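K.L.:
Could you have a look at this structure, given as C-alpha cells, before my questions?
In our numbering, the protein residues as written are 0 to 244.
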C-alpha cells in the first residue's frame, strides 16, 4: 500500500486552539479527522465550521469517551477511508506542528514502525506532571522488557493503521489517558518497532488540561498492573526477541 497519511485530532472543549492546529496540519498537506469527544456547544460550533473546510472530516461522539475513546474512533475512521498512517496530535497546541514533516518522513522511511515523539520541555511544564510521567515510563520499560519506548505519554506520534486497527479489534484498551502508553506497549509486544523523535512541547499558560489527577492516575495504575501480568506471560518471547536482535 502507498504511503497515505492523515491527521487524527481528538478534541474536547479546545475551541480556542483547535483552529490553529488544523491550519498547521493542513498546511502540511494532510487531511484532518477531527473527533469531537462530546464537547460543549461553543467548541462544537467551532468544529462544525472547520468541517466545511476542504480536507476536514468531523466525527462526533455524543458522549465524552475520553482521549483513548476519541482516538479509537478517529483511527477506525481513518482506516475505513483508506489511509495508511495516522498522525496523532493534540488539539490544545502544545505540540510543535513544525515537526510534522520530520515525523512523516520517518514514517515514510519505516512504514511498519510507530513514530513517537519524545518531549523536549521548556519551563512551562508543571513539575507534578513531569514526575508522574517518569513513573509511567519506568513501568512501561518493565512491562515491555525494553527501553525502546523512550516516552509513552507524548500524544504526538504516527501510527501504521493496519496493525493498530487489528490491535483495537483484538484487545480492550483504556479509553482515557491510559490509552497512549498502553497502545505503545501492546504494539511493542506485537513486534512493531518504536522510532523516537525529539520534539518541543509547551504547556500554554491559558491551556485547558483534561487530566484528572485522581481518576486518570487510578486508571493508569490499573493499566500498568494489567500489562505487568501480560508481560509475565510474554516474557520468554520478549527475552528471546532481544537475544536475537
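Beta carbons: idealized from backbone N, C-alpha and C, even for Gly.
From a predicted model like this one, the values you see are computed outputs, not experimental measurements.
Do residue 202 and residue 93 come within 8 Å of each other at the CB atom, strictly closer than that value?
P.N.:
In this structure, residue 202 lies closer than 8 Å to residue 93 by Cβ.
K.L.:
Take residue 121 and list the residues in its own chain whose beta-carbon comes closer than 7 Å to its own, dropping the five residues that flank it on each side.
P.N.:
Within the same chain, residue 121 has close Cβ partners 201.
K.L.:
For the putative contact between residue 237 and residue 144, defined by C-beta atoms under 8 Å, what is the C-beta separation to the nearest angstrom?
P.N.:
So it is a contact: roughly 4 Å between Cβ atoms.
K.L.:
The alpha helix (DSSP H) that contains residue 60, what's its start and end?
P.N.:
Run containing residue 60: none in the alpha helix (DSSP H); it sits in the beta strand (DSSP E), 55-60.
K.L.:
Give the DSSP-derived three-state secondary structure of residue 36 in the structure shown.
P.N.:
Strand at residue 36.
K.L.:
Check each candidate in 32, 96, 38 and 98 and name the one with the smallest Cα separation from residue 79.
P.N.:
Among 32, 96, 38 and 98, the Cα nearest to that of residue 79 is on 32.
K.L.:
Considering only residues of the same chain and omitting the five flanking positions on each side of residue 3, which have a CB-CB separation below 6 Å?
P.N.:
Closer than 6 Å at the Cβ level, and outside the excluded window around residue 3, lie 82 and 83.
K.L.:
Output the boundary residues of the alpha helix (DSSP H) element that contains residue 172.
P.N.:
Run containing residue 172: none; DSSP gives neither H nor E here.
K.L.:
Give the secondary structure of residue 116 by DSSP, where H, G and I count as helix, E and B as strand, and everything else as coil.
P.N.:
If DSSP states are grouped into helix, strand and coil, residue 116 belongs with the strands.
K.L.:
Taking just the CA atoms, how far does residue 13 sit from residue 42?
P.N.:
One C-alpha to the other measures close to 6 Å.
K.L.:
Please report the residue range of the beta strand (DSSP E) in which residue 9 lies.
P.N.:
Per DSSP, residue 9 belongs to the beta strand (DSSP E) from 4-10.
K.L.:
Does the structure place the segment 44-55 close enough to the segment 152-168 that three or more beta carbon pairs sit under 8 Å?
P.N.:
No: the two stretches stay apart, fewer than three of their Cβ pairs being nearer than 8 Å.
K.L.:
In terms of alpha-carbon separation, which member of 108, 189, 163 and 190 lies closest to residue 178?
P.N.:
Here the closest residue by C-alpha is 163.
K.L.:
Using DSSP bridges, identify the partner residues of residue 23.
P.N.:
Residue 23 is not bridged to any residue.
K.L.:
So residue 110 is in the beta strand (DSSP E); what residue range does that whole segment cover?
P.N.:
That residue, residue 110, is in no beta strand (DSSP E); it is neither H nor E in DSSP.
K.L.:
Would you list the residues sitting across from residue 1 in a DSSP beta bridge?
P.N.:
Its beta-bridge partners do not exist; DSSP assigns none.
K.L.:
Would you mind sorting residue 52 into buried or exposed? The rule is 16 or more other CB atoms within 10 Å of its CB.
P.N.:
By the neighbour-count rule (16 or more Cβ atoms within 10 Å), residue 52 is not buried but exposed.
K.L.:
List the whole-angstrom C-beta distance separating residue 28 from residue 49, where the pair is believed to meet the contact cut-off of C-beta under 8 Å.
P.N.:
Rounded, the Cβ-Cβ distance is 17 Å, inconsistent with contact.
K.L.:
Which of the three DSSP states is assigned to residue 43 in this structure?
P.N.:
In this structure, residue 43 counts as helix in the three-state DSSP scheme.
K.L.:
If you count every other CB in all the chains shown that lies within 10 Å of the CB of residue 118, and 16 or more means buried, which is it?
P.N.:
It is buried - the Cβ of residue 118 has at least 16 other Cβ atoms within 10 Å.
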